[in-house]
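*Asks:* Pasting in a structure now, in structure tokens, and then I'll have a few things to ask.
There are 2 protein chains.
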Amino acid sequence: MKIGIIGLGLIGGSLGLDWMEQGHQVWGVSRQEQTCQIAEERGAVYQANPDLESLAGAGLDLVVLCTPISAILATMERLVGILPSETILTDVASVKAAIVPKAEAMWPYFIGGHPMAGTAEQGIQAAQSHLFRDRPYVLTPTHQTQAEALNELKPLVMDLEASCLEMDPESHDAVVAWISHLPVMISASLIAACWGQSDPNHLQMSKRLASTGFQDTSRVGGGNPELGVAMAQYNQQALLTALGDYQDQLDQIREMIEQENWLALRQLLEKTQEHRPYFIK
Amino acid sequence: MKIGIIGLGLIGGSLGLDWMEQGHQVWGVSRQEQTCQIAEERGAVYQANPDLESLAGAGLDLVVLCTPISAILATMERLVGILPSETILTDVASVKAAIVPKAEAMWPYFIGGHPMAGTAEQGIQAAQSHLFRDRPYVLTPTHQTQAEALNELKPLVMDLEASCLEMDPESHDAVVAWISHLPVMISASLIAACWGQSDPNHLQMSKRLASTGFQDTSRVGGGNPELGVAMAQYNQQALLTALGDYQDQLDQIREMIEQENWLALRQLLEKTQEHRPYFIK
Chain G
1 MKIGIIGLGL IGGSLGLDWM EQGHQVWGVS RQEQTCQIAE ERGAVYQANP
51 DLESLAGAGL DLVVLCTPIS AILATMERLV GILPSETILT DVASVKAAIV
101 PKAEAMWPYF IGGHPMAGTA EQGIQAAQSH LFRDRPYVLT PTHQTQAEAL
151 NELKPLVMDL EASCLEMDPE SHDAVVAWIS HLPVMISASL IAACWGQSDP
201 NHLQMSKRLA STGFQDTSRV GGGNPELGVA MAQYNQQALL TALGDYQDQL
251 DQIREMIEQE NWLALRQLLE KTQEHRPYFI K
Chain Z
1 MKIGIIGLGL IGGSLGLDWM EQGHQVWGVS RQEQTCQIAE ERGAVYQANP
51 DLESLAGAGL DLVVLCTPIS AILATMERLV GILPSETILT DVASVKAAIV
101 PKAEAMWPYF IGGHPMAGTA EQGIQAAQSH LFRDRPYVLT PTHQTQAEAL
151 NELKPLVMDL EASCLEMDPE SHDAVVAWIS HLPVMISASL IAACWGQSDP
201 NHLQMSKRLA STGFQDTSRV GGGNPELGVA MAQYNQQALL TALGDYQDQL
251 DQIREMIEQE NWLALRQLLE KTQEHRPYFI K
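The listed protein sequences derive, respectively, from chains G and Z. Quick note on the working numbering: the first sequence kicks off at 1 and runs consecutively. Quick note on the working numbering: the second sequence kicks off at 1 and runs consecutively.
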């Protein structure tokens, strides 16, 4: 198939690498001329160009929007005059309810998507083959979705060897609020609170003594600030719900410690030890 | 030197491996006969025995208590009748203020210690050489500490290639509350809250979609429950102080999200991204 990818960062570039390897013809768009060059050299695209108009007349079956969340709808508006209306469009944003209804209203063959893979690195240089292998790839079709569009998109997800799941946009957002967006906020809060401790000698020693426990718990809180804000901005309600429940749970733990209810704390920690493996592959 | 190690788990066994390699003669004690055998086979001890009395008459210069926290003081009481009073004693507990004053009152040559290293595994089988290399090893001498005891203990810490630090017991506990004990509670709270979400379909999908972010943030909350309770029990006040400050910080983040103060959230996340590397080696 002929596939367009708009935004050649980690996700867009990695999609391109896999699809090119599978014999698809990938047309890339990136605002940076240099990114286009690197994408071509690395074989992530058949050809890449900074102009969105370069996709006109290419006869693309599918176009994947891999821009930052805030640019998706604006980019789609521009595509209206460029692509034939029967082109299938999908995105890769980590939030769906803020995107899908508006995108569907603009484009009948739009299907929301969220490939759940990543690395600590960003950009085309970090793109890698098989990034999505055995990782969840969520599609969020709605009652408006055209069955033939979904039937064309799914085999492309299978080509990535990803595990394809279907959810409605709201359920998707509720779930990622819990397992992806909430961890960012509680982890950032750990760094901020620890940094803000009042005794300068204790802060100094905290930096020296911090070990793997702090390192792991703080990792996602020290990530890309733009992405963290986007999670909160575009998934506000689901994140606030998860955050409220989390705060209630933490209050309970604090009460157990205050009241020296060691039996209750022990039972809780036995449960968390028992339950964690269900979330870990 | 002749060194006794009581408790041949990960820490005791790893201390033994390094010290034996350095030419010291290590006498081990473990309640489990099998653990004693494995310690001997692995070269973590010169000889090991289930009876504490086996240390009598061995002419030990130093004895290291590597039992669970709750057993340290009781074990020391038994040692009074077994070891000559000039033997130097130290422990490896992750809390110090609950141990050191009582231990000093019982034993004039006691110095609190906390080697800050570990692995996910436990027990003598997990013991490894160089576990403490380039890791902090905190000693907590007080105004009661005999200088000659400290001068004998320090070179043994250097033999481990650890980075030897001195702190008072209260400062040590305040710092580990922040960088080690608090992360356990906020991480456990994530698992418990996520598991407790009300929609069973969302819980089901959370398990399928949880990825590296959830995995890292939840790691220490899914650890040994006994150790988690001991942290709270023996470091109660310092942990409650850190937990309170953490909850205030998280409240601020929730307010930013509620009030859509994206600029403030962005500035906070930029700071946490900037500050985290100071805690990470």
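The beta carbon of each residue, even a glycine, is placed where N, CA and C say it ideally should be. Since we're looking at a predicted model, the values are computed, not measured.
Give the list of continuous alpha helix (DSSP H) stretches no shorter than 4 residues that lie fully inside the segment 111–197 of chain Z.
*Replies:* 147–159, 169–176 and 182–195
*Asks:* Answer yes or no: does any C-beta atom of chain G fall closer than 8 Å to that of Ala97/Z?
*Replies:* Start at 1 with the first residue of the second sequence, and residue 97/Z comes out as number 97. No, Ala97/Z lies away from the interface with chain G (no Cβ there is under 8 Å from its Cβ).
*Asks:* Are the Cβ atoms of Ala192/G and Leu265/Z separated by less than 8 Å?
*Replies:* Mapped onto the first sequence, residue 192/G falls at position 192. Mapped onto the second sequence, residue 265/Z falls at position 265. The beta carbons of Ala192/G and Leu265/Z sit no closer together than 8 Å.
*Asks:* Would you call the segment 78–86 of chain G and the segment 174–183 of chain G in contact, with 3 or more CB pairs under 8 Å?
*Replies:* no
*Asks:* Ile3/Z lies in the beta strand (DSSP E); which residues open and close that run?
*Replies:* The residue given as residue 3/Z occupies position 3 in the second sequence. It spans Lys2 to Ile6 - the beta strand (DSSP E) in which Ile3/Z sits, taken as one unbroken run.
*Asks:* What residues match up with Gly28/G in a beta bridge as DSSP calls it?
*Replies:* As a first step, residue 28/G must be located in the first sequence, where it is residue number 28. Ile5/G and Ala48/G.
*Asks:* Looking at the structure shown, is Asp245/Z part of a helix, part of a strand, or coil, going by DSSP?
*Replies:* The residue labelled residue 245/Z in the question sits at position 245 within the second sequence. Asp245/Z falls in the helix class under three-state DSSP.
*Asks:* Looking at chain G, which residues of the segment 238–257 of chain Z have a Cβ within less than 7 Å of any of its Cβ atoms?
*Replies:* Leu239, Leu240, Leu243, Asp245, Tyr246, Gln247, Gln249, Leu250, Ile253, Arg254 and Ile257
*Asks:* Give me the subset of the segment 177–192 of chain Z whose CB atoms are less than 8 Å from a CB atom of chain G, sorted by chain position.
*Replies:* Trp178, Ile179, Ser180, Leu182, Pro183, Val184, Met185, Ile186, Ser187, Ala188, Ser189, Leu190, Ile191 and Ala192
*Asks:* Check for me: the beta strand (DSSP E) holding Leu62/G runs from which residue to which?
*Replies:* The sequence position of residue 62/G within the first sequence is 62, counting from 1. Start and end: Leu62 to Leu65.
*Asks:* Mapping the DSSP letters down to three states, classify Asp18/Z as helix, strand or coil.
*Replies:* Within the second sequence, the letter at position 18 stands for residue 18/Z. DSSP, read as helix, strand or coil, puts Asp18/Z in helix.
*Asks:* Just checking, does the segment 40–57 of chain G make contact with the segment 10–30 of chain G on the three C-beta pairs under 8 Å criterion?
*Replies:* yes
*Asks:* I'd like to know if Phe279/G contacts chain Z, where contact means its C-beta is closer than 8 Å to some C-beta of that chain.
*Replies:* Here residue 279/G refers to the residue found at position 279 when the first sequence is read from its first residue. Closer than 8 Å to some Cβ of chain Z, the Cβ of Phe279/G qualifies, so yes.
*Asks:* Under 8 Å, Cβ to Cβ, is there at least one residue of chain G near Pro115/Z?
*Replies:* As a working mapping, residue 115/Z is identified with position 115 in the second sequence. Taking Cβ atoms only, chain G never reaches closer than 8 Å to Pro115/Z, which makes this a no.
*Asks:* Under 8 Å between the Cβ atoms of Phe279/Z and Lys207/G?
*Replies:* Residue numbering aside, residue 279/Z sits at position 279 when the second sequence is read from its first letter. Residue numbering aside, residue 207/G sits at position 207 when the first sequence is read from its first letter. Yes; because the gap between Cβ atoms is below 8 Å, this pair is in contact.
*Asks:* Quick check: the Cα distance between Ile257/G and Ala230/Z, rounded to an integer number of angstroms?
*Replies:* Indexing the first sequence from 1 puts residue 257/G at position 257. Indexing the second sequence from 1 puts residue 230/Z at position 230. So the two alpha carbons sit approximately 11 Å from each other.
*Asks:* Spell out a yes or no on whether the segment 66–77 of chain G and the segment 3–22 of chain G are touching, meaning 3 or more CB-CB pairs, one atom from each, closer than 8 Å.
*Replies:* Yes, they touch.
*Asks:* With Leu111/Z and Ile72/Z assumed to form a contact (beta carbons below 8 Å), what rounded beta-carbon distance in angstroms separates them?
*Replies:* In the second sequence, the residue the question calls residue 111/Z occupies position 111. In the second sequence, the residue the question calls residue 72/Z occupies position 72. A quick correction: the sequence has Ile, not Leu, at residue 111/Z. Contact doesn't hold; Cβ gap of about 13 Å is too wide.
*Asks:* How would you label Lys96/Z, buried or exposed, when you count the other beta carbons within 10 angstroms and need 16 or more for buried?
*Replies:* Here the question's residue 96/Z lines up with position 96 in the second sequence. That one is buried.
*Asks:* Once you ignore the five residues that flank Leu239/G on each side, which residues in its own chain have a CB closer than 8 Å to its CB?
*Replies:* Numbered from 1 along the first sequence, position 239 holds the residue referred to as residue 239/G. Only Ala177, His181, Leu182, Met185, Met231 and Ala232 meet the Cβ criterion.
*Asks:* Of all the CB atoms in chain G, is at least one closer than 8 Å to the CB of Arg133/Z?
*Replies:* Taking the second sequence and counting its residues from 1, the one referred to as residue 133/Z is at position 133. So no, Arg133/Z is outside the interface.
*Asks:* DSSP state of Asp91/Z, grouped into three classes?
*Replies:* As a working mapping, residue 91/Z is identified with position 91 in the second sequence. DSSP places Asp91/Z in strand when its eight states are reduced to three.
*Asks:* Does the beta-carbon of Thr145/G have 16 or more other beta-carbons within 10 angstroms, so that it is buried, or is it exposed?
*Replies:* Position 145 of the first sequence, counted from the first residue, corresponds to residue 145/G. It counts as buried.
*Asks:* So is the beta-carbon of Tyr137/G under 7 Å away from any non-hydrogen atom of the ligand SAH?
*Replies:* The ligand SAH is not part of this structure, which contains no ligands at all.
*Asks:* With C-beta atoms as the reference, is Val220/Z less than 8 Å away from Thr241/G?
*Replies:* Within the second sequence, numbered from 1, the residue matching residue 220/Z stands at position 220. Within the first sequence, numbered from 1, the residue matching residue 241/G stands at position 241. 8 Å or more divides the Cβ of Val220/Z from the Cβ of Thr241/G.
*Asks:* Give the residues of chain G in contact with Arg266/Z, contact being defined as C-beta atoms less than 9 Å apart.
*Replies:* Stepping through the second sequence from its first residue, residue 266/Z is reached at position 266. In chain order: Pro225, Glu226, Gly228 and Val229.
*Asks:* Run the CB neighbour count on Glu155/Z, radius 10 Å, all protein chains shown included, and call it buried at 16 or more, exposed below.
*Replies:* For the purposes of this step, residue 155/Z is taken as residue 155 along the second sequence, with counting starting at 1. Checking the sequence shown, residue 155/Z turns out to be Pro, not Glu. Pro155/Z should be labelled exposed.
*Asks:* Tell me the rounded alpha-carbon separation between Ile5/Z and Met116/Z.
*Replies:* The sequence position of residue 5/Z within the second sequence is 5, counting from 1. The sequence position of residue 116/Z within the second sequence is 116, counting from 1. Cα to Cα, the separation comes out at about 17 Å.
*Asks:* Against chain G, with Cβ distances strictly below 8 Å, would Cys164/Z count as a contact?
*Replies:* Locating residue 164/Z in the second sequence gives position 164, counting from the first residue. In terms of beta-carbon proximity, Cys164/Z stays away from the interface with chain G, with every pair separated by 8 Å or more.
*Asks:* If we define contact as Cβ-Cβ less than 8 Å, is Ala213/G a contact residue for chain Z?
*Replies:* Within the first sequence, residue 213/G is the residue found at index 213, counting from 1. Per the sequence shown, the amino acid found at residue 213/G is Gly instead of Ala. So yes, Gly213/G belongs to the interface.
*Asks:* Of all Cβ atoms in chain Z, is any one closer than 8 Å to the Cβ of Gly196/G?
*Replies:* Working through the first sequence from its first residue, we reach residue 196/G at position 196. Output row for Gly196/G: interface = yes.
*Asks:* Give me the Cα-Cα distance between Leu17/G and Ser187/Z, rounded to the nearest whole angstrom.
*Replies:* Taking the first sequence and counting its residues from 1, the one referred to as residue 17/G is at position 17. Taking the second sequence and counting its residues from 1, the one referred to as residue 187/Z is at position 187. Going by the C-alpha atoms only, they are around 36 Å apart.
*Asks:* Cα separation between Trp367/G and Arg133/G?
*Replies:* In this structure chain G extends from 1 to 281, so residue 367/G is not present and cannot be described.
*Asks:* Is it a yes or a no for the segment 163–172 of chain Z touching the segment 198–212 of chain G, going by three-plus beta-carbon pairs under 8 Å?
*Replies:* yes
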